[in-house]
Structures are given as C-alpha cells and as structure tokens.
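Peer 1: The numbering of the sequence shown is the UniProt record's numbering, which starts it at 1 and goes up by one. Backbone N, C-alpha and C define an ideal beta-carbon position, used for all residues, glycine too. Before I ask anything, let me first share the structure, which is written out below as structure tokens.
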Amino acid sequence: MANEKKMRKVKIKAFAKVNLVLDVIGRRPDGYHEVEMILQSIDLHDDLVFIPASTVTLEIKGERLPVDDRNIIVRAANKLLAQAGLNAGARILLQKRIPVGAGLGGGSADAAATLVGLNRLWGLGLSRLELEKIGATLGADVPFCLRGGTVLATGIGEQLTDLPPLPSLPVFLAKPPFNVSTVHIYRNLVLTAADRHPEVQRIATLIREGDYQAIPRYWGNRLEEVTLNLYPALKEVMDWLRNKGLPVRMSGSGPTLFVFGADWAPESQAQVVADLRRKGWWTYNGCLTTAGLEVDE
1 MANEKKMRKV KIKAFAKVNL VLDVIGRRPD GYHEVEMILQ SIDLHDDLVF IPASTVTLEI
61 KGERLPVDDR NIIVRAANKL LAQAGLNAGA RILLQKRIPV GAGLGGGSAD AAATLVGLNR
121 LWGLGLSRLE LEKIGATLGA DVPFCLRGGT VLATGIGEQL TDLPPLPSLP VFLAKPPFNV
181 STVHIYRNLV LTAADRHPEV QRIATLIREG DYQAIPRYWG NRLEEVTLNL YPALKEVMDW
241 LRNKGLPVRM SGSGPTLFVF GADWAPESQA QVVADLRRKG WWTYNGCLTT AGLEVDE
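Now the structure itself:
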C-alpha cells in the first residue's frame, strides 16, 4: 500500500433501497429462502467517513446503535481485515438517516460503504466482484448495495442481473413508529403450491422496454401479507393510501410503505404527511437513483 493511499479520508453516501417486487420461491435446505425480486436504489442515504487510525472504531450520530461487532459496519471491517490478512485500523463516522428496521436496506448499505471505503483507505485494490463476495457473507442485500441502480436479484438475493436504470421518478416513504424483524416475518411465512406469485420477470421486461408506468399493475411482495396480518395498523394506512388512488407497496419485510412514481398534487401530499405524522409516522419525499454508493475522496 502506498502511503498516500493509506492517509486518505474517504467519504461515502450509502443509499437506501426499495423492493419494486419481491417473490419468495421456497425454502432451501440450508434454511435460507430462495427469492426473486427487483431492487431499486433511492436517494435517501446515510453518510460515512473513513479516517486512518490504528484500530477500527465506530461513532454514530442520528441513532443509538451498538458500535462493537453487533454492528454490521464493524463486522464488515473485520471481514475485510481477515480477507486481506491485514493489521490496520480506521475511525469510522456514521451519520444515520435511513431508519433502522425499516425494510430499506440501511444496514446493508452501510456495510457496502464500509467495504468500499476501507478498500480505498487501505489501498487493497479489491474489485467490486470480490467485494460483493465478501458482502454476501454479511447479508443478502449487501451485494446489491455495492452495485445499486435497478437490479434483478435471485438466489438468496446475491445473484444480480443489471436492468436498465429507471428515470428519477418520485418516491414517497412512510414508516410507522415501530420496527419489524425480517427473521420474524420469514418465520411466519407459509408457502403452498397454490400461492399466486408476483410477476417478477414481467416487471423486468417492462423495465427493459421502458414501460415503467405499468409496473404497479403487476408488482407484489410475498412478505407483505404476513407483515400486514401481524401489524393491523400498517394495513390500515396502506388501504387508506390506496383509497386515495396511490400506487403503494411495502418494501422488503417492512414496515416501510412506499408510493412509486405518483403524480399527486403538493397540497394533497402535504395533507398525507400531516396526517401520518400525527400518528407518529416518519415520512420522506425523494426519488429513484442509479447508484448504490457515491464516493468522495
């Protein structure tokens, strides 16, 4: 490693994701679930800074989270050290904006940023594919977060096929004042041969053809029914948004709901925001993006 590489400060924006469609095919012998889904980056992001240091330390603003190896950022740093056979360190600063336990991939995005940031800080020279392999050992969404954009994911979510990037369509997020455990949702998921599956490949074709306005006609989320049954307050708000004619879906295992590409009047959206915030919900108004990470050195 060259000294000048070792002394850089690296800044990274780590972008959240939504699932435009999510299907669960079945459970594998290893206990993981086989999925088929289309993941999409959005402009909501955490900020991470990586500074040279003798050991790995983590400081967090915006959320009260563990700063030891219970945090995926620290685990990602340790994985990279083990992979490189390296004795190095970094002071990692995290400004948390992506809600925790929201189905928006915030932890995975932070892990992806850590792999990229420390790869640069320590001058390791690992390729994106090498980082994706390491990322897959940390979490199924980490390889996507390294890549970003619009991607078809299969396997446990780590087998990625790039799709043409969607334009910067508006996206509105709404999260209730509680979190959801992905493990808990999968434990309550019952799959039968008679299940109707979301049309993932049809949506992939629509995206390839540029007919993105048709996506809400065919989208779906196989985990949505489970989460809505467990959390009636979530279903109530989802039905309320649908009754307003808005294309709304749940992201991942939830509980965040998102409105995709809707052209609604600002005053109508402002009223929705006000009503939701009175209920204690968090909201965000943003857009789709073509990046998983944005690096500034």
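Would you give the residue range spanned by the alpha helix (DSSP H) that Asn78 belongs to?
Peer 2: Unbroken alpha helix (DSSP H) run through Asn78: 72-84.
Peer 1: Starting from Ile207, trace the alpha helix (DSSP H) both ways and give me its first and last residue.
Peer 2: Unbroken alpha helix (DSSP H) run through Ile207: 200-209.
Peer 1: Is it true that the CB of Gly149 sits closer than 9 Å to the CB of Ala274?
Peer 2: Not closer than 9 Å, so no.
Peer 1: My guess is that Gly139 and Ile42 are in contact by the Cβ rule of under 8 Å, so how many angstroms apart are they, rounded?
Peer 2: With a Cβ gap of about 18 Å, Gly139 and Ile42 do not count as contacting.
Peer 1: Can you look up Arg293 in the DSSP assignment and give me helix, strand or coil?
Peer 2: In the sequence under discussion, the amino acid at residue 293 is Leu, which differs from the Arg named in the question. Leu293 falls in the strand class under three-state DSSP.
Peer 1: Unbroken alpha helix (DSSP H) runs of length 4 or more, entirely within the UniProt domain "GHMP kinase C-terminal" (206-275): which are they?
Peer 2: The qualifying runs are 215-218, 224-230, 232-243.
Peer 1: Could you round the C-beta distance between Phe144 and Leu39 to whole angstroms and report it? I think they count as a contact, below 8 Å.
Peer 2: Right, the Cβ-Cβ distance comes to about 5 Å (below 8 Å), so this counts as a contact.
Peer 1: When you compare the stretch 211-225 with the stretch 250-260, are there three or more beta-carbon pairs, one atom per stretch, that lie closer than 8 Å?
Peer 2: A contact exists between the stretch 211-225 and the stretch 250-260.
Peer 1: Using the rule of at least 16 other Cβ atoms within 10 Å of the residue's Cβ for burial, across every protein chain shown, is Asn119 buried or exposed?
Peer 2: Answer is buried; the Cβ neighbour count reaches 16.
Peer 1: Once you ignore the five residues that flank Lys5 on each side, which residues in its own chain have a CB closer than 8 Å to its CB?
Peer 2: Confidence at Lys5 is low in this model, with a pLDDT of 47, below 50, so the placement of that residue should be treated as unreliable; the coordinate-derived value is given next. Cβ within range, chain order: Arg120, Leu121, Trp122, Gly123.
Peer 1: Looking only at its own chain, which residues have a Cβ that is under 6 Å from the Cβ of Val295, when we skip the five neighbours before and after it?
Peer 2: For Val295, where only same-chain residues beyond five positions count, the Cβ hits under 6 Å are Ile12.
Peer 1: DSSP three-state label for Tyr284, please.
Peer 2: Three-state DSSP puts Tyr284 in a strand.
Peer 1: Determine the closest residue to Val49 out of Lys96, Ala174, Ala136, with distance taken between C-alpha atoms.
Peer 2: The residue with the shortest Cα to Cα distance from Val49 is Lys96.
Peer 1: Which one of Asn78, Ser54, Asp211, Gly105 has the shortest CA to CA distance from Thr256?
Peer 2: Selected option, being the one with the closest Cα: Gly105.
Peer 1: Is Leu160 helix, strand or coil by DSSP?
Peer 2: Leu160 falls in the strand class under three-state DSSP.
Peer 1: Tell me whether Asp110 is buried or exposed, calling it buried when 16 or more other Cβ atoms sit within 10 Å of its Cβ.
Peer 2: Buried, by the Cβ-count rule.
Peer 1: By DSSP, does Gly148 sit in helix, in strand, or in coil?
Peer 2: It is coil, neither helix nor strand.
Peer 1: Got a sec: is the Cβ-Cβ distance from Ala274 to anything in chain C below 9 Å?
Peer 2: Absence of chain C from the displayed structure is noted, only one protein chain being present.
Peer 1: Just mark Leu131 as buried or exposed, buried being the case when its beta carbon has 16 or more other beta carbons within 10 Å.
Peer 2: Label assigned to Leu131: buried.
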